[in-house]
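Chains as they are written, first to last, in this note's numbering: chain A, 1324 to 1566; chain B, 1324 to 1566.
Structure, as structure tokens:
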């Protein structure tokens, strides 16, 4: 089965100006990984229709799934719906079902600004979930999610359950030898196991080890073979511990 | 003076697979903001030459400054130099000064892998700083920085001191009224002060206020005028506090 790919597009000047540290892309990265979906790209773009449209179009053409985060509230800087519509050359139209839902949820107070949230790209689908009153708006392969983490996270969890394919398995080797020393062994291991996802991450302020080496594969047997092979290749004194 | 713009390109499968929460882009966002440089885009791309090259080319053409983070170590997955070279249609060449520096720093151990780090895009400039032995490699408007935060951060601080233009000033209003209620006042304020950078950020689990409204400008007088104007527009009971 071909692996599903995904991109996350975070819309928000508050991230670009350093006012908040985005946690949504990190949350999505972990959930997608667990679901066996390969996240290939994260982009943070400004609250500008053109910037959103260009990035969404780029991602929608290249990846199976696109998740957007943020920019769907009632205020002037909420432009994601417009940006996604532009990415697909669609108009923004008021969705009657969404209008009714907003009306119901507003407790009789007809606030003009809130009805801005009923405007979605023409042809978009609404997917409802029992725990959150506002549905997820989907256009083609783009899922438009709210930026507030308390709303974003449950929606991602729900979507990932739908995406879930085969998961990744991982082993870890902690090395006392630095990257320059172990590089040749990593290369040799990759030559023998070309499908292995092999990462090496140096840590400077760690007294226990100098490099964390991660080995990943969706094939558990292949992974264990590669793991054993790399352990044999590495100088014995280099290996601090494994997981 | 025209505002300087910047993009940050983070290279790293470890971020996309959710193994680490990237802090470099958040650090850079805050430092650039303090320096008065407008960060317009953050992208996290995979450890793949094509993905790096495409993103770097896109950013280098559109923004004044591009910072890359990560992918410059000695191992197989360190491909940023190759990606940046490809973005500009250049070759990778061994830099003699960098080779000598690496030699010196290696204490006589000639590790082949480490000399991979002497390969830079043809025409790149090296900029040395007294506190870190490895120089910053620059090609055109692209600054190639290491991904380890302890190395990335001091290099960003140093660069931002060079970029520093006029800083942004900020005022904040905390509102007890929700976004749907205040949206019209924000719009009215923007109509009067079109140059104002106005952000509104709802917080769900906060008992003190419901929306944080940020007003920013490089012109302190303009900012204060806009701040006073918005305070007058907002219903008095909506305003919890200001900063």
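Just so you know, even glycine gets a beta-carbon here, dropped at the ideal spot from N, CA and C.
All figures in this text were calculated on a predicted structure; none of them were measured in a lab.
Residues of chain A whose Cβ lies closer than 8 Å to the Cβ of residue 1524(B) are, in chain order, 1337, 1342 and 1343. Cβ neighbours of residue 1360(A) within its own chain (closer than 6 Å, five residues either side excluded): 1327, 1329 and 1486. Taking C-alpha positions only, residue 1405(B) is separated from residue 1543(A) by approximately 32 Å. Taking a Cβ-Cβ cut-off of 8 Å, residue 1446(B) has no neighbours in chain A, whose nearest Cβ is about 26 Å from it.
With 16 or more other CB atoms across the displayed protein chains lying within 10 angstroms of its CB, residue 1399(A) is buried.
Of all residues in the region 1358–1389 of chain B, the ones placed with a Cβ closer than 7 Å to any Cβ belonging to chain A are 1362, 1363, 1364, 1365, 1366, 1367, 1368 and 1369, in chain order. Around residue 1467(A), no beta-carbon contact reaches into chain B at under 8 Å, the shortest distance being about 17 Å. Here the region 1529–1544 of chain A does not lie against the region 1345–1361 of chain B, with fewer than 3 beta-carbon pairs under 8 Å apart. With respect to the C-alpha of residue 1520(A), the residue from 1444(A), 1539(A), 1373(A) and 1445(A) having the closest C-alpha is 1539(A). Counting C-beta atoms within 10 angstroms of its own C-beta, residue 1494(B) has 16 or more neighbours from the protein chains shown and is therefore classed as buried. Beta-bridge partners assigned by DSSP to residue 1494(B): 1538(B). Relative to residue 1392(B), the option among 1457(B), 1469(B), 1528(B) and 1546(B) whose CA is nearest is 1469(B). Secondary structure note for residue 1403(A): its alpha helix (DSSP H) is the uninterrupted segment 1403–1410.
Cβ contact annotation for residue 1420(A) (same chain, cutoff 7 Å, sequence separation greater than five): 1449, in chain order. When rounded, the separation of the alpha-carbon atoms in residue 1445(A) and residue 1414(A) is 6 Å.
Taking a Cβ-Cβ threshold of 8 Å, the residues of chain B close to residue 1356(A) are 1340 and 1341, in chain order.
Interface annotation, residue 1327(A): not in contact with chain B, CB-CB separation never under 8 Å. Judged by beta-carbon spacing, residue 1472(B) lies beyond the 8 Å limit of residue 1502(A), meaning their Cβ atoms are not closer than that value. In the displayed model, residue 1475(A) falls within a helix according to three-state DSSP. Within the region 1537–1560 of chain A, the residues whose Cβ lies closer than 8 Å to any Cβ of chain B are, in chain order, 1537 and 1539.
For a cut-off of 8 Å, the C-beta gap from residue 1376(B) to residue 1423(B) is around 28 Å, too long to register as a contact. Among the residues facing chain A, residue 1510(B) is included, as its CB has a counterpart in that chain under 8 Å away.
Taking the C-beta atoms as reference points, residue 1465(B) is found nearer than 8 Å to residue 1383(B). Look at residue 1396(A): its C-beta is under 8 Å from a C-beta on chain B. When the alpha-carbon of residue 1412(A) is set against those of 1441(A), 1463(A) and 1333(A), the nearest one is in 1463(A).
The Cβ of residue 1443(A) sits no closer than 8 Å to any Cβ of chain B. Distance between residue 1559(B) and residue 1500(B), taken at the CA atoms: about 10 Å. In this structure, the beta-carbon distance from residue 1338(B) to residue 1365(B) does not fall below 8 Å. For residue 1461(B), the secondary structure class from DSSP, reduced to helix, strand or coil, is strand. Chain-order list of chain B residues neighbouring residue 1399(A): 1506, 1509, 1510, 1513, 1521 and 1523, by C-beta distance under 9 Å. Listed in chain order, the positions of the region 1476–1506 of chain A with a beta carbon within less than 7 Å of a beta carbon of chain B are 1502, 1503, 1504 and 1506.
Residue pairing by DSSP places residue 1467(B) opposite 1391(B) and 1460(B) in a beta bridge. Taking the beta carbon of residue 1417(B) as reference, no residue of chain A falls within 7 Å; the closest one sits roughly 16 Å away. Selection 1358(A), 1525(A), 1342(A) and 1353(A) evaluated against residue 1353(B) yields 1342(A) as nearest (Cα-Cα). The shortest CA-to-CA distance from residue 1435(B) to any of 1564(A), 1545(A), 1506(A) and 1511(A) is the one to 1506(A).
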